[in-house]
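Mapped onto the working numbering, the consecutive letters of the sequence shown carry residue numbers 1474 to 1748.
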Amino acid sequence: MKIPAAAPLTLRREGQETSLVRVGDVVFGGPTVVLIGGPCAVEDRQQILDTARYVAEAGGRMLRGGAWKPRTSPYSFQGLGEEGLPLLVAAREVTGLPVVTEVLDPRDVELVAGTADMLQIGSRNIQNFPLLKEAGASGTPVLLKRGMMTTVDEWLLSAEHVLNAGGRDVVLCERGIRTFDPALRNTLDVGGVALLKTLTHLPVIVDPSHAAGDRRLVCALARAAVAAGADGLLVETHPDPSSARSDGQQSLDPDEFRELAVSCRAVARALGRDL
Ligand code: PEP
Ligand code: MN
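As structure tokens, then:
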């Protein structure tokens, strides 16, 4: 195995326990596998409130939803932007679920950190060092997604940037990498998850939705992630995926989301954990 680059704040020291990352009353890195559910994008009040309700009922512990969306095409829906933030706050008030949302621009970190419970740094920004530093300095917990072309070493060093800037609470999120095979949207690096659990003390979660790119495969990848030791799951779900403004093809409907929770809970329990 290749020795990872020097990342003293991120690497697990001999005998060091997994760090617990607290977001409100949610704990990453403990015995409970944290299920986060929500739409790719916040679309309107009804959509995010409806989603938050069924996510909470199914056992989800946090709500996701992008206000700003990094889209490959400038003609695709870019998200509601700032207007999406109060809708996430309303959903948190109704359900009690802490919210995680992506911040794309270092200039928005203060605003988003003042509203959301956790900052998502997306795949496309894994090496946006000014953004990593700003997020770390905010003191708000950070969900750091792996870039689609990022090695484990590079990912650990990006986490090191956040911690070095003063951040204490970082959760890593594997979301699939680009490989030679386009059959799935990305290739879920389950081995990378197992490896990271040994290399770093930071909790590691998995986003099976962007790895699969197809709702029919999401549950199987989620189960594999829990079996490999993931500390949580980030799953896209929408009350009506066929009308979703982004990533509908990989978004679970409410029934599928409930089934995923039941199925992954069984895997977690088989391993002495819960979900
Ligand atoms: C997302 O979570 O909706 C997203 C854009 O993910 P990623 O950054 O992993 O592509
Ligand atoms: Mn998405």
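Every residue, glycine too, gets a C-beta built ideally from N, C-alpha and C.
Distance between beta carbons of residue j and residue i, contact taken as under 8 Å
| i | j | result |
| --- | --- | --- |
| V1708 | A1695 | 7 Å |
| L1661 | T1483 | Contact flag wrong, Cβ pair sits at about 22 Å. |
| P1676 | G1705 | 7 Å |
| R1718 | F1550 | 4 Å |
| L1617 | S1631 | 6 Å |
| G1511 | V1494 | So it is not a contact: roughly 19 Å between Cβ atoms. |
| L1748 | A1741 | 4 Å |
| G1595 | P1543 | 6 Å |
| A1540 | V1515 | 5 Å |
| Q1520 | P1714 | Not really, about 11 Å apart at Cβ, beyond 8 Å. |
| V1506 | R1746 | 6 Å |
| Q1600 | E1575 | Q1600 to E1575, Cβ: 16 Å. No contact. |
Residue i at chain C interface by Cβ criterion, 8 Å
| i | result |
| --- | --- |
| P1714 | In summary, chain C is missing from the structure at hand, where a single protein chain is found. |
Any non-hydrogen atom of the ligand MN closer than 7 Å to residue i Cβ
| i | result |
| --- | --- |
| H1711 | no |
Beta bridge counterpart(s) of residue i as assigned by DSSP
| i | result |
| --- | --- |
| M1621 | Answer is none; M1621 lacks a bridge partner. |
| D1747 | T1505 |
| V1572 | L1536 |
| R1495 | V1500 |
| A1514 | G1539 |
| V1708 | G1510 |
| C1646 | K1618, I1678 |
| Q1723 | Per DSSP, none; premise fails for Q1723. |
| T1483 | Per DSSP, none; premise fails for T1483. |
| L1592 | T1574, V1615 |
Check: residue i C-beta below 7 Å from any heavy atom of the ligand PEP
| i | result |
| --- | --- |
| S1596 | yes |
| P1543 | yes |
| D1680 | yes |
| R1648 | yes |
| H1674 | no |
| H1634 | no |
| K1618 | yes |
Pair within 8 Å by beta-carbon distance, residue i and residue j
| i | j | result |
| --- | --- | --- |
| G1538 | L1522 | no |
| Q1723 | V1691 | yes |
| L1672 | R1526 | no |
| G1497 | D1590 | yes |
| V1834 | L1669 | The chain is shown from 1474 up to 1748; residue 1834 falls before or after that span and cannot be answered. |
| S1492 | H1674 | yes |
| G1620 | A1667 | no |
| L1570 | R1534 | yes |
| H1683 | N1659 | yes |
beta-carbon residue i near the ligand COA non-hydrogen atom, thresh 7 Å
| i | result |
| --- | --- |
| G1539 | As presented, the structure is devoid of the ligand COA, carrying the ligand PEP and the ligand MN as its sole ligands. |
Chain-ordered list of residues that sit, by beta carbon, closer than 5 Å to a heavy atom of the ligand MN: With the cut-off at 5 Å, the residues found are C1513, D1720.
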